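Encoded as C-alpha cells, the structure appears first; notes follow it.
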Amino acid sequence: MRITDYFYLSFASLSERKGRTIGAIIGVIIAVVALSMALGIGESFQAVFKEELGKSLAANSVYVVGSSLTDVDLMYFREIPGVKDVFGVALRSALIVDPSGSKSVMIVAMDPDKIPIYLGLNSLDDLLVEGLGAPEGLGVIVGSDIWRDPQTGDKLRNIGESLTLTIKGRSSRQFTVFIAGLAKSVGGFRGPTFNPDIMIFMDPEAFFTYVSRRKVYTFAVVVIEDVGMLEYIETELRALAPPGARVFSPIAMVQQVNVFVSSLQMILALISSVGIGVTALWVFDSMTISVVHRTREIGILKAIGFKSIDILLLFLMEAIYISLIGSFIGIGISLILANTFAIPVFRYRMKAMITPTIILLSIVLPTLANLVASIIPAKKAASLDPVRALRYE
38 MRITDYFYLS FASLSERKGR TIGAIIGVII AVVALSMALG IGESFQAVFK
88 EELGKSLAAN SVYVVGSSLT DVDLMYFREI PGVKDVFGVA LRSALIVDPS
138 GSKSVMIVAM DPDKIPIYLG LNSLDDLLVE GLGAPEGLGV IVGSDIWRDP
188 QTGDKLRNIG ESLTLTIKGR SSRQFTVFIA GLAKSVGGFR GPTFNPDIMI
238 FMDPEAFFTY VSRRKVYTFA VVVIEDVGML EYIETELRAL APPGARVFSP
288 IAMVQQVNVF VSSLQMILAL ISSVGIGVTA LWVFDSMTIS VVHRTREIGI
338 LKAIGFKSID ILLLFLMEAI YISLIGSFIG IGISLILANT FAIPVFRYRM
388 KAMITPTIIL LSIVLPTLAN LVASIIPAKK AASLDPVRAL RYE
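Position 29 of the sequence shown, counted from 1, bears residue number 66 in my numbering, the numbering being contiguous throughout.
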C-alpha cells in the first residue's frame, strides 16, 4: 500500500469521529502551550539575568569582598598569573536631603579610569549626561536618582551645585562636595550595595581624607585575561585574601543561576507534561473504542488484502495526525502569546523565548506519548481474525 493511502485512510477515519478527534487535538494544544510557555519563561529568565549581570559587573572579573583589603593585598593579587588588572573599591553609605526628605546614597571611591569596568561600560563618556572628566578633589559624579526625581524625571540638581553629605555611623558628620558630573541611569541588577542610580562617585584621595580615615577597600575587582583560568585564579585569590574575605565571579553566578533555572524548567516541564499524559489517555480511550466500533471494517480491510502491519500503521497514523495538528496549533498560539504578553518579575517584564529546541520538544513529546498510548489498541486491531471480525455485530 502506498504511503499516501495511509494518510488518506487515517484522515478519513478521524473525520468520521470528529467529536473525539477535536477533543484529543484540544488536549494536545493545551499541553503544548503549557509546556512551551514554561520552558520559554525559563529561557527568558536566563537570558535576562545574563544580560543584566553583564551590565552590572564585568564578566571577565573576579570579586574579592572583605572589609579590610589594603593596597598590599591588591599588590599580591596582581602577581597571580593570568591577572590583567586589579583595583580596589571603597563604599560608604550616606544621607542627602532633597525635596522628598532624606535619601540614602552610596559613596563609591575608586580609580576614575576603572569606573567603566566597574559598571560594565566602554568608557566614562557612556556614563555622563552632563559634565566632563572624572571625579577630582571634592568634585563628584552623582547617579541619576540623585540629580533628578525618579518618579517625575524633573531635574533637581545641576553641574556646579554643592551637595551636603551626612556620613552614617556611630558619630555622624557632614561635609560638602560639588557636582562635577551627572550620570545617566545604568541598567543592571540592583542590590543593597549596588545601585548605580544612587551612587556618588568620588576621588579616592578625597574619600580617604573626608569619609574614611583608614585606607581600606570594601572589595577588590580582579580582571582576568582568560576566562579559562577562572578556577585557578579564584583558588589563588582565596589563598591570598585576608581571613573572612569572600571570592566570587559573575561567570560562576551565571552558571549557578543556569543550573537553578534548568532545574526549575525541568519541574515546570514535568508539571506541564501532566497535560500530555492526560491527552495520551484520551487517545488510548478513543483508539480502544474506535477498534470496537470498526471491527467489521477491519475485517473487510483484511479480507480485501490488507495485512496486519497495514492496520497497525493506520491506527498509529491517526495518533500522529492528532499529535501534529495539535502541536502546530499549540506552537502557533505559544508564539502569539510570547510576542504579546510579558510577565512582570521584580522590575523586569519578561516575554517567553520560544527557541527551536523548545518547538522541537513541544512537537516530539506529545507525538511520542500519543504513539505509545495508541500501540496497544493498534496491536489489538492488527491481530483481529478477519473471519470473526466480519461476523461481529
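All C-beta atoms, glycine included, are put in the ideal place defined by N, C-alpha and C.
All figures in this text were calculated on a predicted structure; none of them were measured in a lab.
Residue interval of the alpha helix (DSSP H) (run including Glu273)
Looking at the DSSP string, the run of the alpha helix (DSSP H) that includes Glu273 is Leu267 to Leu277.
Extent of the continuous beta strand (DSSP E) to which Ser208 belongs:
Boundaries for Ser208: no beta strand (DSSP E) harbours it, and the DSSP string shows neither H nor E there.
Check Met239 in the structure and name its three-state DSSP category.
Correct three-state label for Met239: strand.
Under the three-state DSSP convention, the category Pro233 falls into:
In the three-state scheme derived from DSSP, where H, G and I count as helix and E and B as strand, Pro233 is classed as helix.
Hey, quick one: how far does the alpha helix (DSSP H) through Lys417 stretch, first residue to last?
Note, Lys417: alpha helix (DSSP H), Pro393 to Ala419.
Under the DSSP definition of a beta bridge, which residues are partnered with Pro381?
Under DSSP, Pro381 forms a beta bridge with Arg386.
If distances are taken between C-alpha atoms only, which option among Ile261, Phe365 and Ile117 comes closest to Val62?
Residue identity check: residue 62 is Ile in the sequence provided, not Val. The alpha carbon of Ile62 has as its nearest neighbour, out of Ile261, Phe365 and Ile117, the alpha carbon of Phe365.
Inter-residue CB distance, Met236 and Val145 (contact presumed, cutoff 8 Å):
Confirmed, Cβ separation roughly 5 Å.
Inter-residue spacing [alpha-carbon to alpha-carbon] between Lys388 and Ala282
Between Lys388 and Ala282, the C-alpha separation is close to 38 Å.
Rounding to the nearest angstrom, what Cα-Cα distance links Leu351 and Leu397 in this structure?
Approximately 24 Å, taken between the alpha carbons.
Taking Met303 as the reference, give the member of Ser50, Ile326, Thr58 and Ala71 with the closest Cα.
Per the Cα distances, Ala71.
Just the Cα atoms here: how many angstroms apart are Ala306 and Ile373?
Approximately 20 Å between the Cα atoms of the pair.
Which value, in whole angstroms, describes the spacing of the CA atoms of Ile216 and Ala257?
Cα to Cα, Ile216 sits roughly 26 Å from Ala257.
Under 8 Å, do Val142 and Phe238 count as touching if we go by C-beta distance?
Remark: C-beta atoms of Val142 and Phe238 do not approach each other more closely than 8 Å.
Leu169 in three-state terms, based on DSSP:
Under the three-state reduction of DSSP output, Leu169 falls in the coil class, being neither helix nor strand.
List the endpoints of the continuous beta strand (DSSP E) containing Asp122.
Secondary structure note for Asp122: its beta strand (DSSP E) is the uninterrupted segment Val120 to Asp135.
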